[in-house]
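Asker: Each residue of the sequence shown is one higher than the one before, starting from 90 at the first, in the numbering used here. Even glycine gets a Cβ: it sits at the ideal position worked out from N, Cα and C. Below is a structure I'd like to ask you about.
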Amino acid sequence: MIRTGAAYKDGIRDGREIWLDGERVTDVTTHPAFKPIVDIKARMYDLHHEEAHKEALTYVEDNAVHSVFHRPPTTQQDWHDKWKGVDILLKDVGGVVTRVGDETIGEMWSLQDGRDMLAEIDPRFASNIDNHIKRVVEEDPFHVSANTDPKGDRSRHISERDPDMMVHVTKETDAGIIIRGAKYETAAAYADQAYLKPTVGAWTDEKESDYALGCIVKMGAPGVKHICRAGFAGRTDPRDYPLANAYDEVDTLVVFDDVLIPWEDVFFYRYTRAAQFVRGTLHRYSAFPYVLRLLYNADMMIGAALWNARQTGLDKLQSVQEKLADLAVYREGINAHLTASIALAEKSPAGLLMPNQSLLYAGRVLACSQLPAMMHATRELIGGQICVTPSAASFASEGTGDWLKKFYTLNDNWQSEDRRKLLAFARDLVSSDYAGHRLAFVQFAQAPHFNHLAAVYKSFDFSGPLDFVRKTAGLSDAVTGAPK
């Protein structure tokens, strides 16, 4: 089954408790801060039903139609289908959105790779992850991820902090477990459910901990409270800030105030080995759609910079061409890592097909670590007009419009309104408050840079370089530490 956009909107009008700027949000589907991104998610559902796209966005299994975004990948073609699906979505909505479900579902596939370990804890837990992956495929919920706890003062042991600084279990009942705490999560306020799991271990070598918890939480369940950051949408004129007003994915502090989690929604509990497994494998699938978004972000930077250079003829200068080439190299580097990670994909313990881990994680480091430099290159190519151009209202005003049309018109091809639109787009892409927010999101949404490097270190096969140098340098076998 694939939902419609209307069914999705009806599903999140469930009386959930959402707060924004100190006020209770009565309808998340119509509130100005949420409506644009909710509409995009609804559009994502509706695209599956349109004749022009349903062949690319759906597949049939057991006489039922499902979304390619939720299909557990077992072949290279599955990954190419997901890539094509993202391409259709982003080109249809005209911008880049990240947390719309196709990224976060991969985290449950990672946990399924550890199902044998879950079965050691409790056979029910292994069945639960299987059932939930099947449920996502069959029922098509908007599924997000709940990762980061407030944590508190990390110089102090967890036992010395407020216990609610990390989500934990306070009680077991016949119906399930009761949890308290909070998590930061993007899109939670307008999602159906979240996969909650630990961020960092509140343990050293303990076998059990109340903080070692993985489960599904319904975002409209009693006791779930959404305290959202101020939104970008609706705060400014969309003509001046077109990206902020259309694609802001609202981040939320989700508070769990004694929330009941039914046993069928629990994946693991009190078992630190499972928590450690989750942290080490969480992004083995989800990093792919995450990095893929940065490919499209690179395209936007290239397009904005090149259109700006062409309008004044500066694209003919070698120095400009070299900076544009830097942007192209960045873009193609991301593309190459994604393409190669599919071509050299690996079978997972659960029989799924993982993108090649070393290549995928290396691509994530490239895409995230070089983004600030590429944004600066884009700003240099566009120049200072992105920070001095007056508002759209000034261009439309009787008192100022004629002057602005005079000074912003270049020739018959580039009239003032097209220049204003391009500069407004570029400003919101690389220089606005929203652009700064997006940069911080990219650099931390899948953990900070040192964690990205740690993932590369753990997935890269060092045996080849070591053996090559051992042989070419004429080192003895003793350096390997192998028994004589």
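Taking 8 Å as the threshold (C-beta atoms), are Asp-299 and Val-258 in contact?
Answerer: Taking 8 Å as the Cβ cut-off, Val-258 and Asp-299 qualify as a contacting pair.
Asker: Anyone know if the C-beta pair for Met-464 and Leu-383 falls short of 8 Å?
Answerer: Cβ atoms of Met-464 and Leu-383: not closer than 8 Å.
Asker: Can you grab the Cα-Cα spacing for the pair Val-186 / Trp-172, in whole Å?
Answerer: Cα to Cα, Val-186 sits roughly 14 Å from Trp-172.
Asker: If we call anything under 8 Å between Cβ atoms a contact, is Leu-433 one with Asn-424?
Answerer: Not a contact, by the Cβ cut-off of 8 Å.
Asker: Leaving out the 5 sequence neighbours to the left and right, which residues in its chain are closer than 6 Å to Ala-333 when beta-carbon positions are compared?
Answerer: If we look at Ala-333 and ignore the five residues flanking it on each side, its Cβ neighbours are Phe-321, Asp-517 and Tyr-523.
Asker: Taking only the alpha-carbon atoms, compute the straight-line gap between Lys-436 and Tyr-546 and give it to the nearest angstrom.
Answerer: Roughly 20 Å between the two C-alpha positions.
Asker: Please list the terminal residues of the continuous alpha helix (DSSP H) segment that includes Glu-196.
Answerer: Per DSSP, Glu-196 belongs to the alpha helix (DSSP H) from 195–201.
Asker: Identify whether Asp-242 lies in helix, strand or coil by the three-state DSSP scheme.
Answerer: In the structure shown, Asp-242 sits in coil (DSSP, three-state: anything other than H, G, I, E or B).
Asker: Within 10 angstroms of its Cβ, does His-232 collect 16 or more other Cβ (buried), or is it exposed?
Answerer: Flag for His-232 reads buried.
Asker: Tell me His-541's beta-bridge partners as DSSP assigns them.
Answerer: BP columns for His-541 are empty, so no partner.
Asker: Whole angstroms is fine: what's the gap from Ala-417's alpha carbon to Ile-391's?
Answerer: For Ala-417 and Ile-391, the distance between alpha carbons rounds to 7 Å.
Asker: Tell me, to the nearest whole angstrom, how far the beta carbon of Ala-376 is from that of Gln-535; I am working on the premise that it is less than 8 Å.
Answerer: Right, their Cβ atoms sit about 6 Å apart.
Asker: Select from Phe-345, Lys-286, Glu-487 and Met-197 the residue whose C-alpha is nearest the C-alpha of Arg-269.
Answerer: The shortest Cα separation from Arg-269 among Phe-345, Lys-286, Glu-487 and Met-197 belongs to Phe-345.
Asker: Measuring only the C-alpha atoms, how far is Phe-484 from Arg-324?
Answerer: Roughly 20 Å separates the two Cα atoms.
Asker: Going by alpha carbons, who is nearest to Lys-130 out of Gln-166, Ala-153 and Leu-179?
Answerer: Minimum Cα distance to Lys-130 is reached at Leu-179.
Asker: Taking Cβ positions, are Arg-328 and Val-226 nearer each other than 8 Å?
Answerer: Taking 8 Å as the Cβ cut-off, Arg-328 and Val-226 do not qualify as a contacting pair.
Asker: If Val-157 sits next to Thr-147, beta carbons under 8 Å apart, how far is it from one beta carbon to the other, in whole angstroms?
Answerer: Going by Cβ atoms, the distance from Val-157 to Thr-147 rounds to 7 Å, so yes, they are a contact pair.
Asker: What residue from Ala-451, Asp-181 and Gly-422 has the CA that sits closest to Ala-141's CA?
Answerer: When each option's Cα is compared against that of Ala-141, the closest is Asp-181.
Asker: To which residues does DSSP link Gln-283 through a beta bridge?
Answerer: The displayed chain sequence assigns Ala, not Gln, to residue 283. In the DSSP output, where bridge partners are listed per residue, Ala-283 has Val-233 and Val-306.
Asker: In whole angstroms, what is the alpha-carbon distance linking Tyr-273 and Val-114?
Answerer: Rounded to whole angstroms, Tyr-273 to Val-114 spans 18 Å at the Cα level.
Asker: Nearest to Ala-283 by CA position, among Thr-489, Asp-211, Gly-104 and Ala-310, is which residue?
Answerer: For Ala-283, the nearest C-alpha among the options comes from Ala-310.
Asker: Quick check on this structure: which residue in Ile-305, Val-189, Ala-145 and Pro-461 has the alpha carbon closest to the alpha carbon of Arg-224?
Answerer: Of the candidates Ile-305, Val-189, Ala-145 and Pro-461, the one whose C-alpha sits nearest the C-alpha of Arg-224 is Ile-305.
Asker: Using only CA atoms, which one of Cys-457, Trp-396, Phe-357 and Ala-515 lies nearest to Leu-207?
Answerer: Here the closest residue by C-alpha is Phe-357.
Asker: What residues in its chain sit with their C-beta under 6 Å from that of Gly-195, if we drop five residues either side in the sequence?
Answerer: These residues qualify, in order along the chain: Tyr-374 and Ser-375.
Asker: Would you decide whether His-538 is buried or exposed? Buried here means 16 or more other CB atoms lie within 10 Å of its CB.
Answerer: It counts as exposed.
Asker: To the nearest angstrom, how far is it from the Cα of Ser-480 to the Cα of Leu-413?
Answerer: Cα to Cα, Ser-480 sits roughly 28 Å from Leu-413.
Asker: So is His-541 buried or exposed if we call it buried at 16+ other beta carbons inside 10 Å?
Answerer: His-541 comes out buried.
Asker: For Asn-386, count the other beta carbons within 10 Å of its own beta carbon; 16 or more makes it buried, fewer makes it exposed. Which is it?
Answerer: Asn-386 comes out buried.
Asker: Please say whether Ser-548 and Ser-458 have beta carbons closer to each other than 8 Å?
Answerer: Against a cut-off of 8 Å, the Cβ pair of Ser-548 and Ser-458 comes out as no contact.
Asker: According to the Cβ coordinates, are Asp-202 and Thr-341 closer than 8 Å?
Answerer: Taking 8 Å as the Cβ cut-off, Asp-202 and Thr-341 do not qualify as a contacting pair.
Asker: Out of Val-348, Val-313 and Ala-96, point me to the one whose CA is closest to Ala-264's CA.
Answerer: Nearest option by C-alpha distance: Val-348.
Asker: Whose CA, out of Asp-238, Lys-307, Ile-126 and Met-443, lies closest to the CA of Gly-100?
Answerer: If we check each option's Cα against that of Gly-100, Lys-307 comes out closest.
Asker: Tell me whether Trp-492 is buried or exposed, calling it buried when 16 or more other Cβ atoms sit within 10 Å of its Cβ.
Answerer: By the neighbour-count rule (16 or more Cβ atoms within 10 Å), Trp-492 is not buried but exposed.
Asker: Could you compute how far the alpha carbon of Ala-280 sits from the alpha carbon of Pro-230?
Answerer: In a straight line, the C-alpha of Ala-280 is about 8 Å away from that of Pro-230.
Asker: Helix, strand or coil for Pro-212, going by three-state DSSP, please let me know.
Answerer: If DSSP states are grouped into helix, strand and coil, Pro-212 belongs with the helices.
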